[in-house]
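Peer 1: Residue numbers (this note's numbering): 4 to 276. Ideal placement from N, C-alpha and C gives every residue a C-beta, glycine not left out.
(1) Thinking C-beta only, is residue 199 closer than 7 Å to residue 18?
(2) So residue 220 and residue 261 are supposed to be a Cβ contact under 8 Å. How far apart are they, rounded?
(3) Below 6 Å CB to CB, which residues in the same chain sit around residue 38 once its five sequence neighbours on both sides are set aside?
(4) Just the Cα atoms here: how many angstroms apart are residue 51 and residue 273?
(5) Taking the straight line between their C-alpha atoms, what separation do you get for residue 89 and residue 238?
(6) Going straight from the alpha carbon of residue 45 to that of residue 69, what length do you get?
(7) For residue 115, tell me which candidate among 141, 134, 126 and 96 has the shortest Cα-Cα distance.
(8) Any contact of the stretch 68-86 with the stretch 168-179, i.e. 3+ C-beta pairs under 8 Å?
(9) Does DSSP put residue 131 in a helix, a strand or coil?
(10) Rounding to the nearest angstrom, what Cα-Cα distance links residue 179 and residue 195 in this structure?
(11) Should residue 149 and residue 118 be called a contact, given that it needs their Cβ atoms to be closer than 7 Å?
(12) Looking only at C-alpha atoms, which of 155, 268 and 100 sits nearest to residue 222?
(13) So residue 40 packs on residue 49, CB below 8 Å; how close in whole Å?
(14) Measure the alpha-carbon distance for residue 13 versus residue 138 and round it to whole angstroms.
(15) Which residues bound the alpha helix (DSSP H) around residue 103?
(16) Have a look at the DSSP bridge pairing and note the partners of residue 189.
(17) Do residue 151 and residue 184 have their C-beta atoms within less than 7 Å of each other?
(18) Have a look at 123, 113, 122 and 159 and flag the residue whose alpha-carbon is nearest the alpha-carbon of residue 143.
(19) Tell me, which residues are paired with residue 42 by DSSP?
(20) Taking all protein chains shown into account, do 16 or more other C-beta atoms lie within 10 angstroms of the C-beta of residue 94, making it buried, or fewer, making it exposed?
(21) Could you name each continuous alpha helix (DSSP H) segment of 4 residues or more that falls completely within the stretch 207-248, going from the start of the chain to the end?
(22) For the putative contact between residue 10 and residue 147, defined by C-beta atoms under 8 Å, what is the C-beta separation to the nearest angstrom?
(23) Taking Cβ to Cβ, would you say residue 252 is nearer than 7 Å to residue 224?
(24) If I follow the unbroken beta strand (DSSP E) through residue 93, where does it start and stop?
(25) May I ask you to list the residues that DSSP assigns as paired with residue 10?
(26) Cβ of residue 141 less than 7 Å from any chain D Cβ?
(27) By how many angstroms is the C-alpha of residue 86 removed from the C-alpha of residue 56?
(28) Find the nearest neighbour of residue 228 within the set 249, 218 and 217, judged by alpha-carbon distance.
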């Protein structure tokens, strides 16, 4: 089984990338998958939201692993990977990753350092989710070079089309130059306030503008105070508020993501015949 490697990416901050990464990860684990989530953001929001409130004190993080790849040092199986009580594994990050980004600039094969690290762990997992930093810098390019799928969370609050265009052109460039396997799974609307017509209009506009080229997930993540509380607790929404609308939305998203995979497998099988 080849691991499905998915980047959760948008160069705008505050659109729910880390929340999506954590909750989709736990959703997939609940569906019986073996999941690793990778924090590829020096701000370490994903690590913090999964209970590591002082990421700068962690002994081993992603920058250490990428450092080992850069210097050709061996990586021991499972090194630095933290177990989360809800059944997912985490490769955490901290501020040292921004130093790593600087060292990548002059490195040989600098776009593929993260991919080379993931090659050492991917056999143990069915799914690897990468939480990208809010920029289109070297770390995000590394993530795009390492994955086969991209999920784009977009906040349903203002028209994000400008930023989206830029992101899509970066994805296309990486696909052309570095990673021909790269596919976009879809756009996920987050922080949707269903009481306003505005959110509905943005959803409709996105579907109108991009729907023919890119899937816009049917699941929309509602705006919720409860969802904001979870990062302080280090739990997923499934543990914090299992009966709530946000948990239901992430459960539906998990189903959509798995369904997409099945469809692609079928297509592949069809082509392979």
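Peer 2: A quick look at the data gives this:
(1) The answer is no: Cβ separation not under 7 Å.
(2) The C-beta distance from residue 220 to residue 261 rounds to 12 Å, too long to fall under 8 Å, and the pair is not in contact.
(3) Contacts found: 28, 31, 32, 91 and 130.
(4) If you take the alpha carbons of residue 51 and residue 273, they lie about 43 Å apart.
(5) Spanning the two alpha carbons is a distance of roughly 8 Å.
(6) Rounded to the nearest angstrom, the two C-alpha atoms are 13 Å apart.
(7) The residue with the shortest Cα to Cα distance from residue 115 is 141.
(8) The stretch 68-86 is not in contact with the stretch 168-179.
(9) Note: residue 131 maps to strand in three-state DSSP.
(10) Taking the CA atoms as reference points, residue 179 sits about 33 Å from residue 195.
(11) The answer is yes: Cβ separation under 7 Å.
(12) Measuring from the Cα of residue 222, the nearest candidate turns out to be 155.
(13) About 6 Å; that satisfies the 8 Å criterion.
(14) Roughly 7 Å separates the two Cα atoms.
(15) Per DSSP, residue 103 belongs to the alpha helix (DSSP H) from 99-107.
(16) DSSP lists 154 as partners of residue 189.
(17) Contact annotation: residue 151 and residue 184 have beta-carbon atoms nearer than 7 Å.
(18) Check the Cα spacing between residue 143 and each of 123, 113, 122 and 159: the tightest is with 113.
(19) The bridge partners DSSP lists for residue 42 are 134.
(20) Per the 10 Å Cβ criterion, buried.
(21) The DSSP assignment places 228-236 and 240-243 as complete runs of the alpha helix (DSSP H) inside the stretch 207-248, in order along the chain (cut-off: 4 residues).
(22) In this structure residue 10 is in contact with residue 147, their Cβ atoms being roughly 6 Å apart against a cut-off of 8 Å.
(23) Residue 252 places its beta carbon less than 7 Å from that of residue 224.
(24) Looking at the DSSP string, the run of the beta strand (DSSP E) that includes residue 93 is 91-94.
(25) Residue 10 pairs with 133 and 153.
(26) In summary, chain D is missing from the structure at hand, where a single protein chain is found.
(27) Distance between the alpha carbons of residue 56 and residue 86: 15 Å.
(28) The shortest CA-to-CA distance from residue 228 to any of 249, 218 and 217 is the one to 249.
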